[in-house]
Amino acid sequence: MTEKKVKPLNVVAVFAHPDDEAGVIGTLANHADKGDNVYAIFLTRGENASSLCCSPEEIIKIRTGHAKEIEKILGAEYRLLDLPDSGVHPSVENANKLAVHFKEIKPDIIITWTQAPHLGIGHPDHRYTYNITLDAISYARYKNDDHTHQPHREPVGLYTNYFAIGNPDKPFFVDVSNQYEKIMSVIDVYIEAYGQWPVKDYITAQLMMHGRMAGVRFAEAYNKILWRTAQPYLY
Ligand SMILES: [Zn+2]
1 MTEKKVKPLN VVAVFAHPDD EAGVIGTLAN HADKGDNVYA IFLTRGENAS SLCCSPEEII
61 KIRTGHAKEI EKILGAEYRL LDLPDSGVHP SVENANKLAV HFKEIKPDII ITWTQAPHLG
121 IGHPDHRYTY NITLDAISYA RYKNDDHTHQ PHREPVGLYT NYFAIGNPDK PFFVDVSNQY
181 EKIMSVIDVY IEAYGQWPVK DYITAQLMMH GRMAGVRFAE AYNKILWRTA QPYLY
């Protein structure tokens with residue numbers, strides 16, 4: 001019996017700042033390992049990081065270098081857009097900037113920040129990234145001013161970072177037990193940017209807690225928002 005050829009999925013993570021993807025690295029690695037096309041799009045270049053040295057221009061260079069290193073670790077493509085760090089705001093213009101990438105990549109799955117009102121105020125860039133991503137999924141369905149790419153009208157599976165505190169929704173777990181080393185390698189690239197935050201302990205604790213809830217060693221957790229007839233693709 002010949003095996004049915006499965007078309008690779010296009011998986012896109014959208015975050016505000018490079019290093020925001022700490023909670024989803026294992027999932028991106030799972031998909032890259034299976035031969036899917038994996039992208040991470042950051043709306044800003046993270047030039048406002050107080051933990052990193054020097055001028056915004058120099059920080060952008062450092063961040064771009066980080067992205068190149070991580071692309072190699074994960075086998076993913078990283079794109080840094082040019083919205084201002086700490087100045088991300090939902091607008092038609094900004095959503096269309098992201099929609100152009102969705103039209104080009106044609107994502108089957110999109111992962112992004114949760115809007116998470118239960119988290120309190122959080123970073124405005126994170127909250128607005130959720131809004132911009134939702135709007136961009138819609139705008140990618142139309143021509144608008146972009147005549148380079150065809151509209152993307154296929155269903156999209158949308159996942160947001162899960163945070164346990166006060167979250168009434170049931171999480172969707174992804175088993176990332178085989179990806180712990182890669183996750184830590186990516187965190188190592190960013191370690192300076194995280195500053196004093198004990199990021200490795202925090203991420204390990206989260207992976208273990210979600211793993212415990214899912215019945216595996218390490219897991220990442222999401223809220224799943226299926227878009228129209230999208231399938232629950234993420235693994
Ligand atoms: Zn951030």
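Position one of the sequence shown corresponds to residue 1 (my numbering), numbered consecutively onward.
Think of the CB as a built atom: it goes at the ideal place given N, C-alpha and C, for glycine as much as any other residue.
Cβ-Cβ separation between PHE218 and VAL176: approximately 5 Å, consistent with a contact (criterion under 8 Å).
For ILE25, the CB contacts under 6 Å within the same chain, skipping 5 residues up- and downstream, are ILE183, VAL186 in chain order. For the region 63-115, the full-length alpha helix (DSSP H) segments reaching 4 residues or more read 92-105 along the chain.
In this structure, VAL11 lies near ASP36, with their beta-carbon atoms less than 8 Å apart. In the pairwise beta carbon analysis, the region 8-23 is classified as touching the region 35-53: at least three pairs are separated by under 8 Å.
Approximately 10 Å separates the beta-carbon atoms of ASN94 and TYR139; this is outside 8 Å, ruling out the contact. When C-beta atoms of the region 141-153 are compared with those of the region 186-201, fewer than three pairs fall below 8 Å, so the two segments do not count as touching. The Cβ atoms of HIS101 and TRP113 lie no closer than 8 Å to each other.
Between ILE132 and LEU43, the C-beta gap is smaller than 8 Å, which places the two residues in contact. Linking HIS17 to VAL88 through their CA atoms gives a straight-line distance of about 10 Å. In this structure, DSSP gives ILE165 a state outside helix and strand, which the three-state scheme calls coil. In the displayed model, LYS224 falls within a strand according to three-state DSSP.
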